[in-house]
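Peer 1: Protein chains in written order, with the working numbering: chain E, 1 to 101; chain H, 1001 to 1101. For reference, the structure I am asking about is given below.
There are 2 protein chains.
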Amino acid sequence: MDILQLERQLKAVADANRLKLLACLTDGEVCVCDFVDVLGISQPAVSQQLKKLKEAGIVLERKEGTWKYYRLSESLSPVVQAVIAQLPGDNRCHCEGSSCC
Amino acid sequence: MDILQLERQLKAVADANRLKLLACLTDGEVCVCDFVDVLGISQPAVSQQLKKLKEAGIVLERKEGTWKYYRLSESLSPVVQAVIAQLPGDNRCHCEGSSCC
DNA sequence: TCTCTAAATAAGTATTCGCTTATATAGTAG
DNA sequence: CTACTATATAAGCGAATACTTATTTAGAGA
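Here it is, written out as structure tokens:
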């Protein structure tokens, strides 16, 4: 992997809020509205962060009605895999008990 | 590793110039003056970038007269190890042929 | 001592980043 | 159609980033 591409991947994950998003996603699909509660930031801020992860090829999206679900890509670079492996695994950020699902 | 500490490590390596510094260091110790040629930025800029890597615990320094040599830490976190493993390995940034050594 | 060199620090600046609020888009339901 | 909801986009702003040049610190050597 060349240095500029590596830089792009690292910049995409080098942020506490985006790392929390990834931590949530290790358990499976999550919809945008759940992230708002988890991060304590506004809905547009969540959308913007998810967009960055999407543009870096780290997450994929699936639309279902008015909702949008995000999940980890199946083909992650070794570096991103290593990052995800370090994330705490006990995340309560799923649709169970949430308003939208 | 907690998310804030992970963020700190990732921010430290999420920059093309710092990745180039690390790429040079995979072959062993390098002194500051050599990095100036490699990166094509000013000497103070190199010092500032090395300081960030040092503060993140990724590199160590050794002083010898007026020169200062930097090397990779022996105890790198799994994520930083993964990053370094992805760096190109054919780096010509050592004291051979350089002005200072 | 004085001078030279290597590296670090200080100060200034342009760019990038991550949030905010306001607005637009798209789908559901009546 | 209108009304409501979920998400995305636009615009603006303060903080952080990464350079620059100028200066300081520290060691080597005449």
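Ideal Cβ placement from N, Cα and C applies to all residues, glycine included.
Can the beta-carbon of A1023 (chain H) be found closer than 9 angstroms to that of P1088 (chain H)?
Peer 2: The residue labelled residue 1023 (chain H) in the question sits at position 23 within the second sequence. The residue labelled residue 1088 (chain H) in the question sits at position 88 within the second sequence. Taking 9 angstroms as the Cβ cut-off, A1023 (chain H) and P1088 (chain H) qualify as a contacting pair.
Peer 1: Using a Cβ cut-off of 9 angstroms (strictly closer), state whether I3 (chain E) contacts chain H.
Peer 2: Here residue 3 (chain E) is taken as the residue at index 3 of the first sequence, counted from 1. So yes, I3 (chain E) belongs to the interface.
Peer 1: Please report the Cβ distance between Q81 (chain E) and M1001 (chain H), rounded to the nearest whole angstrom; I am assuming they are in contact, meaning their Cβ atoms lie under 8 angstroms.
Peer 2: As a first step, residue 81 (chain E) must be located in the first sequence, where it is residue number 81. As a first step, residue 1001 (chain H) must be located in the second sequence, where it is residue number 1. Not quite, the Cβ-Cβ distance comes to about 15 angstroms (not below 8 angstroms), so this is no contact.
Peer 1: Below 8 angstroms on the Cβ atoms is my guess for R18 (chain E) versus Q48 (chain E); work out the distance and round it to an integer in Å.
Peer 2: Within the first sequence, residue 18 (chain E) is the residue found at index 18, counting from 1. Within the first sequence, residue 48 (chain E) is the residue found at index 48, counting from 1. Between Q48 (chain E) and R18 (chain E) the Cβ distance is about 10 angstroms, and since that is not below 8 angstroms, they are no contact.
Peer 1: Between A85 (chain E) and chain H, is any beta-carbon pair separated by less than 9 angstroms?
Peer 2: Here residue 85 (chain E) refers to the residue found at position 85 when the first sequence is read from its first residue. Chain H, which has a Cβ nearer than 9 angstroms to the Cβ of A85 (chain E), makes this yes.
Peer 1: Let me make sure I understand the geometry here. Which of E:D27, E:C33, E:V36 and E:G57 has the alpha-carbon closest to that of R8 (chain E)?
Peer 2: Position 8 of the first sequence holds residue 8 (chain E). Taking only the C-alpha atoms, the option nearest R8 (chain E) is E:G57.
Peer 1: Which whole-angstrom value describes the C-beta separation of E61 (chain E) and K54 (chain E), a residue pair presumed to lie in contact below a C-beta threshold of 8 angstroms?
Peer 2: By one-based count along the first sequence, residue 61 (chain E) stands at place 61. By one-based count along the first sequence, residue 54 (chain E) stands at place 54. Contact holds; Cβ gap of about 6 angstroms.
Peer 1: What is the rounded straight-line gap between the Cα of S1075 (chain H) and the Cα of C33 (chain E)?
Peer 2: Mapped onto the second sequence, residue 1075 (chain H) falls at position 75. Mapped onto the first sequence, residue 33 (chain E) falls at position 33. The alpha-carbon atoms of S1075 (chain H) and C33 (chain E) are separated by roughly 40 angstroms.
Peer 1: Given that D15 (chain E) touches chain H, what residues does it touch there, using C-beta distances under 7 angstroms?
Peer 2: Residue numbering aside, residue 15 (chain E) sits at position 15 when the first sequence is read from its first letter. In chain order: E1007.
Peer 1: Using the three-state DSSP reduction, which class does E1061 (chain H) fall into: helix, strand or coil?
Peer 2: Here residue 1061 (chain H) corresponds to residue number 61 of the second sequence, with the count starting at 1. Residue state, collapsed to three classes: strand.
Peer 1: When DSSP labels each residue in this structure, what does C31 (chain E) get in the three-state scheme?
Peer 2: Residue numbering aside, residue 31 (chain E) sits at position 31 when the first sequence is read from its first letter. Here C31 (chain E) sits in strand by DSSP.
Peer 1: Between D1078 (chain H) and chain E, is the shortest Cβ-Cβ distance under 9 angstroms, so that the two count as touching?
Peer 2: Counted from its first residue, the second sequence places residue 1078 (chain H) at position 78. Before going on, a small fix: residue 1078 (chain H) reads as Pro here, not Asp. Chain E contact via Cβ: present.
Peer 1: Are there 16 or more other CB atoms within 10 angstroms of the CB of K1020 (chain H), so buried, or fewer, so exposed?
Peer 2: What you label residue 1020 (chain H) is simply residue 20 of the second sequence in a count that begins at 1. The residue is buried, with at least 16 neighbouring Cβ atoms inside 10 Å.
Peer 1: What is the DSSP secondary structure of C1101 (chain H), counted as helix, strand or coil?
Peer 2: Mapped onto the second sequence, residue 1101 (chain H) falls at position 101. Note that C1101 (chain H) has pLDDT 44, beneath the 50 cutoff, so the model's placement of it is unreliable and the number below is only indicative. The answer is coil: DSSP assigns C1101 (chain H) none of H, G, I, E or B.
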